[in-house]
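Residue numbers (the working numbering): 275 to 695. Don't be surprised by glycine CBs; every beta carbon is placed ideally from N, CA and C. Notes follow the structure.
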Amino acid sequence: MKQIRSVKGTHDILPKDSHNWYQLESIIHNVCAKFGYKEIRTPIFEETNLFFRSVGEDTDIVSKEMYTWKDKNGTSLTLRPELTASVVRSYIQHNLGSQSPIQRLYYIGSLFRRERPQKGRQRQFHQFGVEAFGSEYPEQEAEVVAIAWHIILQVGLLKKAKLQINSIGSAKCRSTYQQALKDFFSPHLAKLSEVSQKRLIKNPLRILDTKNKEELSILKNAPRISEYYSKEDKDHFEEVKRFLKNMDIPFIINPTLVRGLDYYTKTVFEFISEDLGSQNALLGGGRYDGLVENLGGKPIPGIGFAAGMERFLLAIKENKLEFKPQPPDIYFICLDRSGIATLLNIANKLRTKGYIIISDMLRKSMKAQFKDANKLGARYVLILGEDELKNHTIGFKNLINGNQKNIKQENIIEFFNNLKN
RNA sequence: GUGGGUGUAGCUCAACUGGUUAGAGCACCUGUUUGUGGCACAGGAGGCUGUGGGUUCAAGUCCCAUCACUCACCCCA
Numbered sequence: 275m276k277q278i279r280s281v282k283g284t285h286d287i288l289p290k291d292s293h294n295w296y297q298l299e300s301i302i303h304n305v306c307a308k309f310g311y312k313e314i315r316t317p318i319f320e321e322t323n324l325f326f327r328s329v330g331e332d333t334d335i336v337s338k339e340m341y342t343w344k345d346k347n348g349t350s351l352t353l354r355p356e357l358t359a360s361v362v363r364s365y366i367q368h369n370l371g372s373q374s375p376i377q378r379l380y381y382i383g384s385l386f387r388r389e390r391p392q393k394g395r396q397r398q399f400h401q402f403g404v405e406a407f408g409s410e411y412p413e414q415e416a417e418v419v420a421i422a423w424h425i426i427l428q429v430g431l432l433k434k435a436k437l438q439i440n441s442i443g444s445a446k447c448r449s450t451y452q453q454a455l456k457d458f459f460s461p462h463l464a465k466l467s468e469v470s471q472k473r474l475i476k477n478p479l480r481i482l483d484t485k486n487k488e489e490l491s492i493l494k495n496a497p498r499i500s501e502y503y504s505k506e507d508k509d510h511f512e513e514v515k516r517f518l519k520n521m522d523i524p525f526i527i528n529p530t531l532v533r534g535l536d537y538y539t540k541t542v543f544e545f546i547s548e549d550l551g552s553q554n555a556l557l558g559g560g561r562y563d564g565l566v567e568n569l570g571g572k573p574i575p576g577i578g579f580a581a582g583m584e585r586f587l588l589a590i591k592e593n594k595l596e597f598k599p600q601p602p603d604i605y606f607i608c609l610d611r612s613g614i615a616t617l618l619n620i621a622n623k624l625r626t627k628g629y630i631i632i633s634d635m636l637r638k639s640m641k642a643q644f645k646d647a648n649k650l651g652a653r654y655v656l657i658l659g660e661d662e663l664k665n666h667t668i669g670f671k672n673l674i675n676g677n678q679k680n681i682k683q684e685n686i687i688e689f690f691n692n693l694k695n
């Protein structure tokens, strides 16, 4: 019979790795809490229309990468390929804006895109991200970037992650710029790739982040978005930069950074890491002042970012910054079957006091149990054998220095509490 | 969707131009120590060499197909 494997592009998170996920998640929760952001959890699938209207029908994500099916009642449903759309939907649906003019949210969850897997890219993958609704001011950019910066600091990747920022202007200046790009590229039409030719019509901005060498050389002389900023756009971007400098968050300006989703406006940014291979974006985001309105809400400005959990963990691993799993405090050894009930009872009492205790389930030899204790990194071993049972005591051994003594069973909790101090 | 690379033990990898029973390290189990871990030594278990076909006296090795994994393009976290 053919063995069933996990589906292409999906991965099991095995016990030897799961603690790394747990640690990363707890850093995310802690940092977000420091900024007053609250977690939001939305369903894993949505109506397909949500992504048409937010991400954009012409993007690759929507046009060829979504897992979409028809529900029994005929509605088209889709496994979410990104999370901003869902969060905005939820924000509008529950009228969160009326509870407070500022909504600071963050999320952690699975996403699905049907792409060819490669390093740092899977079909089911995980992102965390933040979304802040309500403020049009540049300090909101500063705050959101600072959250990203703090998380990167906490996981130890600050030296490896480079922040790039750009402004793609507000909707008005962007449309004149797009026209300018069309005018500029038209004479070079023949030299452009097929994809770029299509983009020239639909979304000329996207030509800017091409990797094609020939196109890059044409690009050198292309008009810059910065020449088309309105005064307001320009001032806004200057303020963002000033605030970041004041927080000592280093960045470089990348005028070709445009990002692939349709909804971005003004500030866009990415943290790049060189340890990720070709898919080098660790985290990316930007402002999306029109999105809430686009999806049927009030004209509320918003800004956020999304970060790849797998990419974070990959970079953490490459830099040997992996978290240490928590070892048990105590390994409880039983030598005599008649002692099992007593062992389970005492172990449970110690657990209610907060100790992590592991005991053998295979009735192994004492030697094998000691080996387990050592392998698991337990600090202490408790031993319950014939003699101890007879005398109502427990053998105690410190595995670090080898010291050993006998303790009365009734005093065991007190003994450990004193040990801690 | 397109292109390259790789498939041998749980993991990392050996096996000269095709040649006898496919090996090693790590991990696992047991023992040296009948109630004491790490270290050392000894032993054990674990394989349809991804799958199917072909060439050959003979295939892990060569050829074809297929599947899987992987990297890259496109695009994105």
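Item, Value
"Closest by CA to HIS424, which one among LEU518, GLY383, ASN622?", "LEU518"
"Is PRO461 closer than 9 Å to THR541 when the C-beta atoms are compared?", "no"
"Out of ARG516, ILE574, PHE606, which one is the CA nearest neighbour of TYR365?", "ILE574"
"For a minimum of 3 consecutive residues, which ranges assigned as the beta strand (DSSP E) are wholly contained in the segment 284-321?", "319-321"
"Is any non-hydrogen atom of the ligand SAH found closer than 8 Å to the C-beta of ARG315, if you look at the structure I gave you?", "The ligand SAH is not among the ligands present in this structure, which contains no ligands whatsoever."
"Would the beta-carbon of SER384 fall within 9 Å of that of PHE399?", "yes"
"Between LEU324 and THR342, is the Cβ-Cβ spacing less than 9 Å?", "no"
"Between the alpha carbons of LEU431 and PRO599, how many angstroms are there, rounded?", "19 Å"
"Per DSSP, which one or two residues make a beta bridge with ILE526?", "GLN438"
"Starting from the Cα of ILE318, find the closest Cα among HIS293, LYS645, ARG387 and give me that residue.", "ARG387"
"Kindly indicate the opening and closing residues of the beta strand (DSSP E) around THR352.", "350-353"
"Report all residues from its chain with a CB closer than 7 Å to the CB of LEU339; omit the five preceding and five following residues, and keep chain order.", "Note that residue 339 is Glu in the sequence shown, not Leu. Counting only Cβ-Cβ distances below 7 Å, and skipping sequence neighbours, we find PRO355, ARG387, ARG388, GLU389."
"In chain order, what residues of the same chain lie with their CB nearer than 7 Å to the CB of ILE527, ignoring the 5 residues before and after it?", "ILE439, ASN440"
"I'd like to know if the segment 609-629 and the segment 660-673 are in contact, where contact means that at least 3 CB-CB pairs between them fall below 8 Å.", "yes"
"Near ASN486, which residues of its chain fall below 7 Å by C-beta distance, leaving aside the five closest residues on each side in sequence?", "SER467"
"Compare the Cα-Cα distances from ILE523 to each of ALA416, TRP295, ARG378, SER300 and report the closest residue.", "ALA416"
"Going straight from the alpha carbon of LYS671 to that of GLN678, what length do you get?", "4 Å"
"Measuring CA to CA, which of ARG480, ASN680, THR626 is closest to THR333?", "ARG480"
"Along the alpha helix (DSSP H) that carries LYS476, what are the first and last residues, could you check?", "468-476"
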